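Quick notes on the structure that follows.
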Amino acid sequence: MKILVTGGTGNVGGAVVGELLKRGAEVRVLARKQPEADKLPAGVEVAIGDLLDPVSVEQAMQGVDKLFLLNAVVTDELTQALIAYGVAKRVGLKHVTYLSVFKVDQFRDVPHFASKLAVENALREFGVPYTILRPGYYIQNDVNLKGALTGPGVYPMPIGTAGIAAADVRDIAEAAAISLTEDGHDGQTYDVVASTMISGPGNAALWGKLLGKEIKYTGHNFDQWEQGMRARMPSWSAFDLRMMFQGYFDRGFVSTETEVARLTKLLGHAPRSYEDFATETAKLWKA
Ligand SMILES: NC(=O)c1ccc[n+]([C@@H]2O[C@H](COP(=O)([O-])OP(=O)(O)OC[C@H]3O[C@@H](n4cnc5c(N)ncnc54)[C@H](OP(=O)(O)O)[C@@H]3O)[C@@H](O)[C@H]2O)c1
Numbered sequence: 001m002k003i004l005v006t007g008g009t010g011n012v013g014g015a016v017v018g019e020l021l022k023r024g025a026e027v028r029v030l031a032r033k034q035p036e037a038d039k040l041p042a043g044v045e046v047a048i049g050d051l052l053d054p055v056s057v058e059q060a061m062q063g064v065d066k067l068f069l070l071n072a073v074v075t076d077e078l079t080q081a082l083i084a085y086g087v088a089k090r091v092g093l094k095h096v097t098y099l100s101v102f103k104v105d106q107f108r109d110v111p112h113f114a115s116k117l118a119v120e121n122a123l124r125e126f127g128v129p130y131t132i133l134r135p136g137y138y139i140q141n142d143v144n145l146k147g148a149l150t151g152p153g154v155y156p157m158p159i160g161t162a163g164i165a166a167a168d169v170r171d172i173a174e175a176a177a178i179s180l181t182e183d184g185h186d187g188q189t190y191d192v193v194a195s196t197m198i199s200g201p202g203n204a205a206l207w208g209k210l211l212g213k214e215i216k217y218t219g220h221n222f223d224q225w226e227q228g229m230r231a232r233m234p235s236w237s238a239f240d241l242r243m244m245f246q247g248y249f250d251r252g253f254v255s256t257e258t259e260v261a262r263l264t265k266l267l268g269h270a271p272r273s274y275e276d277f278a279t280e281t282a283k284l285w286k287a
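FYI, in full-length UniProt numbering the residues of the sequence shown are 1 to 287.
Next up, the structure:
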């Protein structure tokens with residue numbers, strides 16, 4: 001069985017490639033340009049193409065059985081996703097596993113959530129067998145905080161105080177590979193969420209303990225945060241993320257025991273925790 005992975009050069013897609021290979025699947029990655037030699041494991045095929053170019057997407061799907069569909073957060077995310085979905089339907093792929101996001105239906109004012117909700121609706125309506133994965137805040141996002149944590153000693157993500165659901169990328173990848181290589185997942189939607197919520201003050205305290213220094217949570221002044229992010233990303237993207245974090249704050253982003261139990265059953269083990277990730281990561285940084 002051959003599976004096409006979009007986003008295979010990125011965080012989640014790269015991990016999905018590894019999990020699919022472990023399960024004996026053949027893997028082809030759609031990439032916009034030839035990845036560097038050490039980027040993908042041996043034996044992985046590369047199809048050069050762009051999700052905005054249906055012709056290249058159709059070529060990439062030739063000889064493929066199933067699709068793992070991940071779209072980057074871009075202004076034309078919905079168009080890219082529906083091109084991939086429409087071509088997958090036309091060429092008769094047997095299954096699409098789609099990477100959505102936790103509580104997608106409750107954040108319809110957040111541009112990248114609204115795109116994903118529209119894609120989920122298409123998956124449910126147009127007949128290709130599918131599985132939807134809805135992960136929480138990626139635990140591995142916080143690898144990028146090394147400078148802030150080890151330098152000035154701040155935890156800068158405005159994730160609030162109430163606690164939000166997090167997801168380890170390795171669990172997302174396992175869930176994706178299971179849905180693509182085992183029976184029984186057609187039409188299923190799985191929340192990918194760890195059992196312990198994370199919060200700004202909680203993460204600051206945890207990193208403080210692990211790094212042996214005081215770490216301050218910088219809080220959640222969303223105007224200020226969005227303004228700061230405009231220096232680091234396009235302003236539409238800063239707006240999109242601000243709407244997401246503000247939504248977490250206003251509406252909550254908490255997982256339930258039922259959602260965690262369902263994921264535990266799917267994976268065959270408890271979801272990985274933020275604390276374990278932080279402990280492993282702090283050790284690596286110290287070394
Ligand atoms: N971060 C979170 O906390 C979180 C939580 C829940 C859901 N999500 C969702 O996760 C997704 C991002 O996952 P990630 O972190 O693994 O992404 P990532 O590391 O940023 O990778 C994005 C991938 O998309 C590919 N790509 C971008 N534009 C493309 C195009 N036009 N045609 C073909 N490929 C294209 C990139 O390939 P190139 O090598 O060509 O650039 C790359 O492989 C988003 O949909 C986001 O909403 C994120």
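We put the beta carbon where it would ideally sit given N, CA and C, even for glycine.
Since this is a predicted model, take the numbers as computed values, not measurements.
Check your understanding: Thinking just about the alpha-carbon of each residue, which of Asp53, Ala173, Gly92 is nearest to the one in Asp76?
Key -> Asp53
Exercise for review: Spatial neighbours of Val143 within its chain, please: CB distance less than 7 Å, with the 5 preceding and 5 following residues excluded, ordered by chain position.
Suggested key: Thr281
Exercise for review: Would you mind stating whether Leu266 and Ile139 have Cβ atoms separated by less than 8 Å?
Suggested key: no
Check your understanding: For Leu93, which of Ala114, Lys209, Leu69 has the nearest alpha-carbon?
Key -> Leu69
**Study point:** Leu70, DSSP secondary structure in three states
**Key:** coil
Check your understanding: Per DSSP, Ile132 forms a beta bridge with which residues?
Key -> Tyr98, Thr189
Review point. Would the C-beta of Tyr144 count as close to ligand 1, meaning under 7 Å from any of its heavy atoms?
Key: According to the sequence as given, residue 144 is Asn; it is not Tyr. Checking the Cβ of Asn144 against ligand 1 gives no.
Exercise for review: Report yes if the C-beta distance between Ala166 and Ala194 is below 8 Å; otherwise report no.
Suggested key: yes
Review point. For the 8 Å Cβ check, are there 3 or more pairs between the region 200-218 and the region 151-158?
Key: yes
Exercise for review: Please name the residue, chosen from Asp240, Phe249, Pro129, that lies closest to Pro111 on a Cα-to-Cα basis.
Suggested key: Asp240
Exercise for review: Check whether the Cβ of Pro135 lies closer than 7 Å to any heavy atom of ligand 1, and answer yes or no.
Suggested key: yes
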